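Protein chains in written order, with my numbering: chain A, 1 to 373; chain B, 374 to 748. Below is one structure, written out as structure tokens; the observations come after it.
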Amino acid sequence: MKITSVTATPIRFSSDNVSSSSVPLIVRVQTDEGIEGVGECSGRYWQSLKPFIEDIAGPLIIGMDPRDTQTVWDAVWTETKSLGPGGLQSTGMGAIDVALWDIAGKAANLPLYTLLGGAVRTHIPVYWSSGLGWQRTPDEMLDRVKEGWDLGYRAFKIRMDWYNNRLDSDPAKDMRLFDACRNFLPDDAALSFDANNGYTVSTAIQQGRYMEGQGLTHFEEPLPQYDYLGLKQVVEALSVPVSSGENERSLYNFRDMITIGDPDIVQPDIAMAGGITGLRKVYTLCEAYNKPMMPHCPSAGISSAASLNLYATYQHAVRPHEYSYEFSGSLDAVAGLFQESIIPENGFIDLPDRPGHGLVLDEDAFKRAEAAF
Amino acid sequence: MKITSVEAIPIESGPLLVRLRTDEGIEGIGEAQARYWKSMKPFIEEDLGSIVIGMDPRDTQLIWDAMFPPTKWIGPGGMQMICMGAIDIACWDIAAKSASQPLHRYMSGAARTHLPVYWSTGIAWQARATGGVEGDPGTPEALIERMREGREAGFTAFKLRLEWMHQRQDVDPEGDLARFKACKEFLGDECRLSIDINNGYSVSTAIEQGLKLQDMGAAHYEEPLPQYDYAGLKQVVDALDMPVTSGELEHTLWNFRDLIEIGDPDILQPDLLFVGGITPLRKIFTLCEAFNKPVLPHGPGAGIQNAVSLHVFSTQVNATLPHEYSWEFNGGLENATRIYEEAIVPKDGFVDLPDRPGHGLVAVGEAVEAYRIDK
Numbered sequence: 001m002k003i004t005s006v007t008a009t010p011i012r013f014s015s016d017n018v019s020s021s022s023v024p025l026i027v028r029v030q031t032d033e034g035i036e037g038v039g040e041c042s043g044r045y046w047q048s049l050k051p052f053i054e055d056i057a058g059p060l061i062i063g064m065d066p067r068d069t070q071t072v073w074d075a076v077w078t079e080t081k082s083l084g085p086g087g088l089q090s091t092g093m094g095a096i097d098v099a100l101w102d103i104a105g106k107a108a109n110l111p112l113y114t115l116l117g118g119a120v121r122t123h124i125p126v127y128w129s130s131g132l133g134w135q136r137t138p139d140e141m142l143d144r145v146k147e148g149w150d151l152g153y154r155a156f157k158i159r160m161d162w163y164n165n166r167l168d169s170d171p172a173k174d175m176r177l178f179d180a181c182r183n184f185l186p187d188d189a190a191l192s193f194d195a196n197n198g199y200t201v202s203t204a205i206q207q208g209r210y211m212e213g214q215g216l217t218h219f220e221e222p223l224p225q226y227d228y229l230g231l232k233q234v235v236e237a238l239s240v241p242v243s244s245g246e247n248e249r250s251l252y253n254f255r256d257m258i259t260i261g262d263p264d265i266v267q268p269d270i271a272m273a274g275g276i277t278g279l280r281k282v283y284t285l286c287e288a289y290n291k292p293m294m295p296h297c298p299s300a301g302i303s304s305a306a307s308l309n310l311y312a313t314y315q316h317a318v319r320p321h322e323y324s325y326e327f328s329g330s331l332d333a334v335a336g337l338f339q340e341s342i343i344p345e346n347g348f349i350d351l352p353d354r355p356g357h358g359l360v361l362d363e364d365a366f367k368r369a370e371a372a373f
Numbered sequence: 374m375k376i377t378s379v380e381a382i383p384i385e386s387g388p389l390l391v392r393l394r395t396d397e398g399i400e401g402i403g404e405a406q407a408r409y410w411k412s413m414k415p416f417i418e419e420d421l422g423s424i425v426i427g428m429d430p431r432d433t434q435l436i437w438d439a440m441f442p443p444t445k446w447i448g449p450g451g452m453q454m455i456c457m458g459a460i461d462i463a464c465w466d467i468a469a470k471s472a473s474q475p476l477h478r479y480m481s482g483a484a485r486t487h488l489p490v491y492w493s494t495g496i497a498w499q500a501r502a503t504g505g506v507e508g509d510p511g512t513p514e515a516l517i518e519r520m521r522e523g524r525e526a527g528f529t530a531f532k533l534r535l536e537w538m539h540q541r542q543d544v545d546p547e548g549d550l551a552r553f554k555a556c557k558e559f560l561g562d563e564c565r566l567s568i569d570i571n572n573g574y575s576v577s578t579a580i581e582q583g584l585k586l587q588d589m590g591a592a593h594y595e596e597p598l599p600q601y602d603y604a605g606l607k608q609v610v611d612a613l614d615m616p617v618t619s620g621e622l623e624h625t626l627w628n629f630r631d632l633i634e635i636g637d638p639d640i641l642q643p644d645l646l647f648v649g650g651i652t653p654l655r656k657i658f659t660l661c662e663a664f665n666k667p668v669l670p671h672g673p674g675a676g677i678q679n680a681v682s683l684h685v686f687s688t689q690v691n692a693t694l695p696h697e698y699s700w701e702f703n704g705g706l707e708n709a710t711r712i713y714e715e716a717i718v719p720k721d722g723f724v725d726l727p728d729r730p731g732h733g734l735v736a737v738g739e740a741v742e743a744y745r746i747d748k
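Structural data, given as structure tokens:
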């Protein structure tokens, strides 16, 4: 089997996108045997990603067997290393890689999780992830949490989205957001807090100490992602699990983050870490260091389905997986893009036993989404 | 697809063949070493068999995870891993066959399928296997004859195994230098020659010997110390310029993590059978990749052990060193290959991995019956 074409198309699921910067970039890979695979990454920088995928990576892999996922990955990684390592390179490669695994699953007539070693579970809890806390009042954030509660979710994360350019801007307000959500949710509903790189070490420890007293499930990215030494201080000071990893790109980044920063939970992102091929290696490293994974993946479409297919194969992956439609469009719009959808119900996703990752584009809906963009 | 039967069949030439059958008629084979087959056969057939029968053989990780926790009192490691590994290999063989793909493609693709192998030859094994050979198998003259056999078979990379083991520590270091020197002179500079102490030195002996051996042109220096001495290994690695290797006796991913972090060998040598099959071997390769450690698998067995180890090796983009090969553990090439429809045999120092589905070795039923030793 040979790859015959690679395309990257920015879309909008519908006109009701919550953020103009949130545009999925859909990667379609065709083969000489008529099997198509689809992958996805964030299209925020689609003007650069599209030519990388179509004109730079494409010619390198056309003619290769799509089932040789590692071989294809290595070929693109080596040839394009001056564009990385990481960044646009691993994101673009990740979207292609997911499409190739989709083809491999379809060619073997197996769901992706079987090709990846077999699903421990296909009924997987997901948590409701809500962001932009830095701009929101406590009531506004609470409304977002209530929306998830009404949809049946029983695990939540609120994201502050501070980033390291707004370090320690308003820690007291963050705690008011947290308290509002914590007071609304019953004690047995999980609530996690994501500082999105927004604190210094001492602020992180003070905030974490307060929240763990109120009932915090995990404390995500308290520090700028490069501060491995500081992360170790926060991890050692707090008893609540501290998590990090969504901004790491390569296996080597994860090695250093684990051996230096020692987070309690590791959070690789399928698109950022180079697709299933890259993500799977990170999982293995986490296994060697006995670190639970909770993948970063606020997407509602293909990346979510692919990430869940891999997550399903891990014995100790019992924590809820991230879910959000903030970066796509409404659930109905996302569901409508595919012939058969994978959408959570009551806080769980059931992975289908269809071949590949289980999402096949509906051509009419895809054309509309392309035109909407 | 479901596994319907699990059999473990000790074969005269050395392997304990493990055969899985399925309800769709696809059969897969794996192997362990038959030396302790009387303990392994019931463990494989009854204990592990009762766990995996009814499971889908393509769920390789799921099967591995199902076998590991309930049998952990018999491990972790040792016989548990070796027997689980044999089943794991057979499952991967079935999975790749059912997808009509060679194993390397089913595992994500080969960086190369024309793979260099090195001739691995030792002192003690044959003496042990045959109950003693004529004369002293460890003289320089006798060892040159072992090298000559490999050279005439077309090999250009070699390893001399001294097989001291840790119970014979520091017995004859001077003699070891003479053994290496004789073989190196015979092979000449155009051939790679490595040396394997097989756990036989203390730290200071290992450093003294290593300094001389690297001057004499040793390609790599294998297992200078008892395998448990990670801290000592780090001293040896730091003292020498040539690559120091270890890992063939480690059983789990966690052992490899500690071996790397504490002992820091230059090259890692996991053994497909010892680590519990393809599923964990791949994880160990990934760990090595994270720490930028080349892998050079231990895998001298000329049958399934070697062929399957090569399949996994072929998928690793930086795996460019020659892989181990020997038929000493099988009583010669003829013995090692006669139970298979089509063998996988090196030619001029290279093995070409076949495109056949699965790992490519299919056991002939009548031959298995003829050479099984448990009748």
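Glycine included, every Cβ here is placed at the ideal spot set by N, Cα and C. If you're wondering where the values come from, they're calculated on a predicted model, not measured in any experiment.
| query | result |
| --- | --- |
| Can you list the residues of chain A that B:Leu660 reaches, using a CB-CB cut of under 8 Å? | Thr284, Leu285, Ala288 |
| What is the DSSP secondary structure of B:Lys360, counted as helix, strand or coil? | A question about residue 360 of chain B goes unanswered here, because the residues of chain B that appear run from 374 up to 748. |
| With DSSP run on the structure shown, which of helix, strand or coil describes A:Ala190? | strand |
| Chain A partners of B:Ala483, CB-CB under 8 Å? | Asp68, Thr71 |
| Going straight from the alpha carbon of B:Trp492 to that of B:Ser687, what length do you get? | 18 Å |
| For B:Pro475, which of helix, strand or coil comes out of DSSP? | strand |
| Along the region 438 to 449 of chain B, what residues have a CB closer than 7 Å to any CB found in chain A? | Asp438 |
| Nearest chain B C-beta to A:Lys2 closer than 8 Å, yes or no? | no |
| According to the Cβ coordinates, are B:Pro730 and B:Pro510 closer than 8 Å? | no |
| If contacts are defined as beta-carbon pairs under 8 Å, then A:Asn196 and A:Met160 qualify, I think. What distance do you get, rounded to the angstrom? | 5 Å |
| Go through the region 684 to 738 of chain B residue by residue and report every complete run of the alpha helix (DSSP H) that reaches 4 residues or more, in order. | 706 to 710 |
| Cutting at 6 Å between CB atoms, please list the residues of its own chain near A:Ala75, excluding the five before and the five after it. | Leu60 |
| Express the C-alpha separation of B:Gly583 and A:Gly379 in angstroms, rounding to a whole number. | Any question about residue 379 of chain A goes unanswered here, given that chain A covers just 1 to 373. |
| Okay, do the region 69 to 83 of chain A and the region 392 to 399 of chain B touch, 3+ Cβ pairs below 8 Å being the bar? | no |
| In chain order, what residues of the same chain have a beta carbon less than 6 Å from the beta carbon of B:Ala343, not counting five sequence neighbours either side? | Nothing can be reported for residue 343 of chain B: it is not among the residues displayed for chain B, which extend from 374 to 748. |
| When we look at the beta-carbon of B:Ser481 and count the other beta-carbons within 10 Å, is it buried (16 or more) or exposed? | buried |
| Identify whether A:Ser42 lies in helix, strand or coil by the three-state DSSP scheme. | strand |
| Rounded to whole angstroms, what's the CA-CA distance from A:Leu238 to B:Arg478? Just pull it up for me. | 46 Å |
| Does the distance from the C-beta atom of B:Val724 to that of B:Leu488 stay below 8 Å? | yes |
| B:Gln406 bridges to which residues according to DSSP? | B:Pro388 |
| Helix, strand or coil for B:His671 per DSSP? | strand |
| Taking a Cβ distance cut-off of 9 Å, strictly less, list which residues of the region 420 to 438 of chain B are near chain A, in chain order. | Met428, Asp429, Arg431, Asp432, Thr433, Gln434, Leu435, Ile436, Trp437, Asp438 |
| By DSSP, does B:Thr512 sit in helix, in strand, or in coil? | coil |
| Determine contact between the region 678 to 687 of chain B and the region 426 to 441 of chain B, defined as no fewer than three beta-carbon pairs at a distance below 8 Å. | no |
| Quick check: the Cα distance between A:Ile11 and A:Pro51, rounded to an integer number of angstroms? | 16 Å |
| Can you tell me whether A:Ile343 is helix, strand or coil according to DSSP? | coil |
| Check this for me: beta carbons of A:His357 and A:Gly105, under 8 Å apart or not? | yes |
| Under a CB-based cut-off of 8 Å, is A:Ala312 close to chain B? | no |
| Determine, using beta carbons only, whether B:Asp631 and A:Thr114 come nearer to each other than 8 Å. | no |
| By the 7 Å beta-carbon criterion, what residues does the region 612 to 637 of chain B contribute toward chain A? | Leu626, Trp627, Arg630 |
| Which residues share a DSSP beta bridge with B:Thr618? | B:Glu595, B:Ile640 |
| Where does A:Val72 sit, in a helix, a strand or coil, going by DSSP? | helix |
| Can you check whether the CB of A:Ala180 is closer than 8 Å to the CB of A:Leu142? | yes |
| Do you know how far the Cα of A:Phe13 is from the Cα of A:Ser330? | 8 Å |
| Whose Cβ in chain B lies nearer than 7 Å to the Cβ of A:Gln315? | Asp438 |
| Since A:Trp53 and A:Val27 should fall inside the 8 Å C-beta cutoff, what is the C-beta to C-beta distance between them, to a whole number of angstroms? | Reading the sequence as shown, one finds Ile at residue 53 of chain A and not Trp. That belief holds up - the Cβ atoms of A:Ile53 and A:Val27 are roughly 6 Å apart, short of 8 Å. |
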